[in-house]
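So for the sequence shown, UniProt numbering puts the first residue at 1; every next one is plus one.
Each residue gets a CB set at the ideal place from its N, CA and C atoms; glycine is no exception.
Remember, it's a predicted structure, so these values are computed and weren't measured experimentally.
Report on the following structure.
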Amino acid sequence: MDNRHRHRHPLLDTDDTHRPGDYDHHAKSLTIHCKSTKVVLPSGEIIQFNEPIKAAELMLETPNFFLVNSQSLKLGCRFSPLNADEDLELANVYVMFPMKRVHSTVTAGDMEVLFLAANSAAKKGFDGKISILPEAAEEVNLQDVSMGNEEKKAMPKLNLDDIEEFSTLEFMHRLSMSRSKKPLLETIAEEPVCAR
């Protein structure tokens with residue numbers, strides 16, 4: 001992926017090459033910080049982009065995974081994966097799921113793990129150990145992620161409050177509606193055939 005799209009923090013940028021306009025670019029990125037696109041990778045890493053990016057660029061970096069807009073996640077409905085040629089919209093959060101789940105339905109576990117990842121990142125600070133799905137944790141070796149404390153603090157944090165349609169109350173409502181309901185089965189009283 002092109003490094004010009006990946007942007008962790010405008011003041012902690014590790015690129016030592018300064019070109020004319022860099023400081024102007026950093027100042028602009030500070031003002032549009034809340035309008036950035038956030039992507040939760042299978043490893044649990046949260047990256048953000050301040051410029052338009054195609055889904056294909058991310059999918060090439062992480063093969064066998066597809067991208068889903070978090071706003072399209074509806075319990076009991078099928079995943080709505082992005083096409084490779086689609087642009088990721090600014091101010092949205094996207095999540096990567098294993099390709100083997102592309103035709104399955106969204107479960108409460110999918111939503112819960114996303115919600116917990118967001119809360120953990122916001123409260124504790126991101127430490128690179130959050131996994132989106134157990135299947136994703138198996139496919140991505142999380143032990144390879146070793147960072148110093150200064151790098152951990154530089155990681156962007158997933159904040160779902162930036163998304164207008166996503167709230168804690170809505171998530172809890174969706175979760176409560178997805179609980180399995182057992183149908184009430186009653187015995188059907190049949191009339192004898194000779195009574196007709």
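Just curious, the alpha helix (DSSP H) that residue i is in, first and last residue?
{"i": "residue 59", "result": "55 to 61"}
Considering only C-alpha positions, which residue in the set the options is nearest to residue i?
{"i": "residue 77", "options": "68, 188, 118", "result": "68"}
{"i": "residue 105", "options": "38, 92, 72", "result": "72"}
{"i": "residue 108", "options": "75, 187, 93, 35", "result": "75"}
{"i": "residue 89", "options": "98, 37, 115", "result": "37"}
{"i": "residue 103", "options": "191, 118, 65", "result": "65"}
{"i": "residue 91", "options": "111, 189, 112, 35", "result": "35"}
In three-state terms, what does DSSP make of residue i?
{"i": "residue 87", "result": "strand"}
{"i": "residue 114", "result": "helix"}
{"i": "residue 35", "result": "helix"}
{"i": "residue 68", "result": "strand"}
{"i": "residue 40", "result": "strand"}
{"i": "residue 131", "result": "For residue 131, the pLDDT reaches just 42, beneath the cut-off of 50, and the residue's location in the model is therefore unreliable, although a value from the coordinates is still provided. Note: residue 131 maps to coil in three-state DSSP."}
{"i": "residue 190", "result": "coil"}
Among the residues of its own chain, which have a CB less than 8 angstroms from the CB of residue i, if the five just before and after it don't count?
{"i": "residue 39", "result": "46, 47, 48, 49, 58, 67, 88, 93, 94, 95, 96"}
{"i": "residue 99", "result": "64, 65, 66"}
Going along the chain, which residues of its own chain have a beta-carbon closer than 7 angstroms to the beta-carbon of residue i, five neighbours each way excluded?
{"i": "residue 62", "result": "41, 42, 96"}
{"i": "residue 85", "result": "54, 56"}
Starting from residue i, trace the beta strand (DSSP E) in both directions and tell me its first and last residue.
{"i": "residue 46", "result": "46 to 49"}
{"i": "residue 96", "result": "93 to 98"}
Using 8 angstroms as the threshold, is the region 80 to 92 in touch with the region 49 to 58, meaning 3 or more CB pairs across them?
-> Because the criterion of three Cβ pairs below 8 angstroms is met, the region 80 to 92 and the region 49 to 58 touch.
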